[in-house]
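**Student:** I'd like to ask you about the structure that follows.
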Ligand code: AMP
Ligand code: MN
Ligand code: MN
């Protein structure tokens, strides 16, 4: 079996994928951990992270289980380099995004779940798979990170019960909170500061945005991954309805993160540019130079929040 996490992996895709990995290997299965990227440093405390990467062994795989991805393209090179495998081998997609297209052979989608890891926990529990401390640590990391440390609207009694069960099994909540939320590199605080300093507000105050260029990353000796989390802090800004953070991942490759402060639906804009996500947190990748991406995306943001016209940048 192959378990997959999406590109530029976050705590939920890695936590749910590695949780599933421990559960299945515990049941005697041979399991490969596939991801376009290797594990980002802040998740290196996760048991089993060291086997995560883009290379797949040549063998007759019988099942692909995909975690936290609304679209098959979210697997990046794992899909692009093995399209034949994805066509030949049955796939299960476990996900909680409203924008999920139902692309797998079997789609297990619960848009009320706070995290894909919450779904994996109940899946394993209900089918009677033993869940050890390693799986519990990975699954609680997925729930903790994707629920905004248990702060988001999607957190339900069901989410908290899953978390409580996982803590009971032995998942170290204080360590998970420290590793994924409190602990920061020097460079990440600097690049967050640069992103915060660049923040701009539309004339009517309805939306705000910031940009991070490759040059800013270089100047602050920061890696792209160290931007993770910055936009969530911007979503605390009182006043505007939506914030967009434009991150230059490479030449003509702009990753955009959206967060809404009220009930504005971020997926409306994200899906216009081929992305997806949730109502209050969505993203897309725009393959254009930064200034064009900003102009085009902000025009749609302005429309969404009813601004008279897009602000020239
Ligand atoms: P982020 O802003 O990267 O934290 O992502 C917020 C949400 O949007 C997450 O649930 C992501 O899975 C989703 N998302 C981000 N980027 C994309 C993309 N390029 N395509 C589809 N969904 C995305
Ligand atoms: Mn994710
Ligand atoms: Mn998720």
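Numbering (this note's numbering), first residue to last: 2 to 314. Cβ atoms here follow ideal geometry from the backbone N, Cα and C, with glycine treated the same way. The model shown is predicted, which means the values in this text are computed figures rather than measured ones.
1) What separation, rounded to the nearest whole angstrom, lies between the Cα atoms of residue 241 and residue 208?
2) With residue 251 as the anchor, note down where its beta strand (DSSP E) starts and where it stops.
3) Measure how close the beta-carbons of residue 65 and residue 21 come, nearest whole angstrom, since I'm counting them as under 8 Å.
4) Can you find the residues in the same chain that come closer than 6 Å, C-beta to C-beta, to residue 196, ignoring five residues on each side of it along the sequence?
5) Rounding to the nearest angstrom, what Cα-Cα distance links residue 227 and residue 131 in this structure?
6) Between which two residues does the beta strand (DSSP E) holding residue 284 run?
7) Can you tell me where the alpha helix (DSSP H) with residue 212 in it begins and where it stops?
8) Who are the Cβ neighbours of residue 78 in its own chain at under 6 Å, not counting the five residues just before and after it?
9) Is residue 69 near ligand 3 - that is, is its Cβ less than 6 Å away from at least one heavy atom of it?
10) Let me know if residue 268 comes out buried or exposed under the rule of 16 or more other beta-carbons within 10 Å of its beta-carbon.
11) Between residue 157 and residue 116, which are expected to be in contact by the criterion C-beta below 8 Å, what is the C-beta distance as a whole number of angstroms?
12) Among residues of its own chain, excluding the 5 on either side of residue 83, which ones have a beta-carbon nearer than 8 Å to its beta-carbon?
13) At the level of alpha carbons, what is the spacing between residue 291 and residue 247?
14) Which same chain residues, not among the five before or five after residue 94, have their C-beta less than 6 Å away from its C-beta?
15) Cβ atoms of residue 118 and residue 266: under 7 Å apart, would you say?
16) Could you name the residues of the same chain whose beta carbon sits closer than 7 Å to that of residue 302, not counting the 5 residues immediately before and after it, in chain order?
17) Going by C-alpha to C-alpha distance, which of 137, 177, 193 sits closest to residue 171?
18) Using DSSP with H/G/I as helix, E/B as strand and the rest coil, what is residue 254?
19) Counting C-beta neighbours from all protein chains within 10 Å, is the total for residue 154 16 or more, i.e. buried, or is it exposed?
20) Hey, quick one: how far does the beta strand (DSSP E) through residue 33 stretch, first residue to last?
21) What are the uninterrupted segments assigned as alpha helix (DSSP H) that are 4 or more residues long and contained completely in the region 100-185, given in chain order?
22) Could you tell me if residue 43 is buried or exposed, where buried requires 16 or more neighbouring beta carbons within 10 angstroms of its beta carbon?
23) CB of residue 118 to nearest heavy atom of ligand 1: below 6 Å?
24) Relative to the C-alpha of residue 177, which residue among 189, 164, 188 is closest?
25) Could you have a look at residue 234 and say whether DSSP puts it in helix, strand or coil?
26) Taking the C-alpha atoms as reference points, what is the distance between residue 91 and residue 222?
27) If you draw a straight line from the alpha carbon of residue 139 to that of residue 288, how long is it in whole angstroms?
28) How would you call residue 293, buried or exposed, if buried means at least 16 neighbouring beta carbons within 10 angstroms?
29) Which residues does DSSP list as the beta-bridge partners of residue 96?
30) Residue 68 lies in the beta strand (DSSP E); which residues open and close that run?
31) For residue 49, which residues of its own chain have a beta-carbon under 8 Å away from its beta-carbon, when the five flanking residues on both sides are left out?
32) Is any heavy atom of ligand 2 found at a distance shorter than 6 Å from the C-beta of residue 40?
33) With DSSP as the reference, label residue 16 as helix, strand or coil.
34) Where does residue 127 land, buried or exposed, given buried means 16+ other C-beta within 10 angstroms?
**Tutor:** This is what the structure gives:
1) 5 Å
2) Segment 243-251, the beta strand (DSSP E) holding residue 251.
3) That pair is no contact at about 12 Å.
4) 211, 213, 231
5) Approximately 35 Å between the Cα atoms of the pair.
6) 282-287
7) From DSSP, residue 212 is part of no alpha helix (DSSP H) but of the beta strand (DSSP E) over 208-213.
8) Cβ neighbours of residue 78 within its own chain (closer than 6 Å, five residues either side excluded): 37, 55.
9) yes
10) buried
11) Residue 157 to residue 116, Cβ: 11 Å. No contact.
12) So the qualifying residues of the chain are 57.
13) 8 Å
14) 67, 105, 108
15) Against a cut-off of 7 Å, the Cβ pair of residue 118 and residue 266 comes out as no contact.
16) 208, 243, 245, 270
17) 137
18) strand
19) exposed
20) First-last of the beta strand (DSSP E) with residue 33: 33-35.
21) The region 100-185 contains these whole alpha helix (DSSP H) runs: 117-128, 134-147, 158-170, 174-178.
22) The residue in question, residue 43, is buried, as its Cβ has 16 or more Cβ neighbours within 10 Å.
23) no
24) 164
25) helix
26) Distance between the alpha carbons of residue 91 and residue 222: 43 Å.
27) As the crow flies, the alpha-carbon of residue 139 is around 33 Å from that of residue 288.
28) exposed
29) 110
30) 65-68
31) 19, 22, 23, 34, 135, 139
32) no
33) Reduced to three states, the DSSP call for residue 16 is helix.
34) exposed
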